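Numbering (the UniProt record's numbering), first residue to last: 1 to 242. Glycine included, every Cβ here is placed at the ideal spot set by N, Cα and C. Please read all numbers here as calculations on a predicted model, not as lab measurements. Take a look at the structure set out below.
Listed below in structure tokens is the structure:
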């Protein structure tokens, strides 16, 4: 009744922004109809998704590019064989809401909130591993989203760009280092054919060390040696080697 009085097809009697404002701002605190309808759509879409009423042929692949100054949504809708199937299942009302639901949820995942993060570069765990997407935080603000921003021989690890041989291979298969998890404390050789370096494991944490010029890591003594005194394949010694 209120809306019929305010907007009866003869022009506004009360401005919309006044009608929906709070009482202390001189408004009537009436609901914003468009926002109310959108929220209803999203609530029902969530119920549909939770009940698995939309099958695999009605998924969307969403590419989103967000920045501090705004968000650009590039929604690539893929319903495989028949783009009308989703609308036939749930109708325009829910289908439109589904598009909005997916886009909004995905944008949060693609552009993570940096609140609580120390300054640095981090792997986005919400993106499939094969895409290798990172984000950078500064003063708890997201200032970068994209590919590896480090030099060609480095990648982000523990918040900063590090040499690939310092990064365990278990870290998204990006690095060439060793994983000290479950290993006894001690020195270990590199498994990627680098003989002039070794790793020290202490309580599951790895530290990379470079041998001095002309020396290689010896698996027998667990220290750097001249190649003539080091076990193969790091050196030429074969007797007494592991």
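- Message: How far does the beta strand (DSSP E) with residue 145 in it extend, from its first residue to its last?
- Response: Where residue 145 is concerned, the enclosing beta strand (DSSP E) stretches over 141-146.
- Item | Residue of 175, 189, 186 minimising C-alpha distance to residue 154 | Ranked by how close their Cα comes to the Cα of residue 154, the residues 175, 189, 186 have 175 in first place.
- Does DSSP classify residue 166 as helix, strand or coil? Residue 166 falls in the helix class under three-state DSSP.
- Task: Give me the Cβ distance between residue 134 and residue 123, rounded to the nearest whole Å; I'm assuming they're in contact under 8 Å.
- Result: About 6 Å separates the beta carbon of residue 134 from that of residue 123, a gap short enough to meet the 8 Å contact definition.
- Taking the Cβ atom as the reference point for each residue, do residue 198 and residue 187 lie within a distance shorter than 7 Å? It is a contact, given that the beta carbons lie within the stated cut-off.
- Would you please state the rounded distance, in angstroms, between the beta carbons of residue 142 and residue 114? I believe it to be under 8 Å. So it is a contact: roughly 5 Å between Cβ atoms.
- Task: Starting from residue 123, trace the beta strand (DSSP E) both ways and give me its first and last residue.
- Result: Taken as a continuous stretch (DSSP letters only), the beta strand (DSSP E) holding residue 123 covers 120-123.
- Message: So, for residue 237: in the same chain, excluding its five sequence neighbours on each side, which residues have a beta-carbon less than 7 Å away from its beta-carbon?
- Response: Excluding sequence neighbours, residue 237 sits near 229, 230, 231.
- Query: Whole-angstrom Cβ separation of residue 212 and residue 224, contact assumed at under 8 Å?
  - Reply: With a Cβ gap of about 6 Å, residue 212 and residue 224 count as contacting.
- Message: By the three-class DSSP mapping on this structure, what secondary structure does residue 66 have?
- Response: Bear in mind that the predicted position of residue 66 carries a pLDDT of just 33, short of 50, making it too unreliable to give a figure here.
- Message: Classify residue 178: buried if its beta carbon has 16 or more other beta carbons within 10 angstroms, exposed otherwise.
- Response: Around the beta carbon of residue 178, 16 or more other beta carbons lie within 10 angstroms, which makes this residue buried.
- Taking residue 116 as the reference, which of 163, 195, 136, 181 has the closest Cα? The residue with the shortest Cα to Cα distance from residue 116 is 136.
- Item | Inter-residue Cα distance where the pair is residue 147 and residue 192 | Taking the straight line joining both Cα atoms gives about 24 Å.
- Which residues does DSSP pair with residue 173 in a beta bridge? Answer is none; residue 173 lacks a bridge partner.
- Item | DSSP three-state assignment for residue 191, whether helix, strand or coil | In the structure shown, residue 191 adopts coil according to DSSP, grouped into three states.
- Item | Rounded C-alpha distance that separates residue 203 from residue 168 | Going by C-alpha positions, residue 203 is about 15 Å away from residue 168.
- Query: For residue 156, does the count of other Cβ atoms within 10 angstroms reach 16, so buried, or fall short, so exposed?
  - Reply: Burial is judged here by how many other beta carbons sit within 10 angstroms of a residue's own beta carbon; residue 156 has at least 16 and is buried.
- With burial defined as no fewer than 16 other Cβ atoms inside 10 Å of the residue's Cβ, what is the status of residue 206: buried or exposed? Residue 206 comes out buried.
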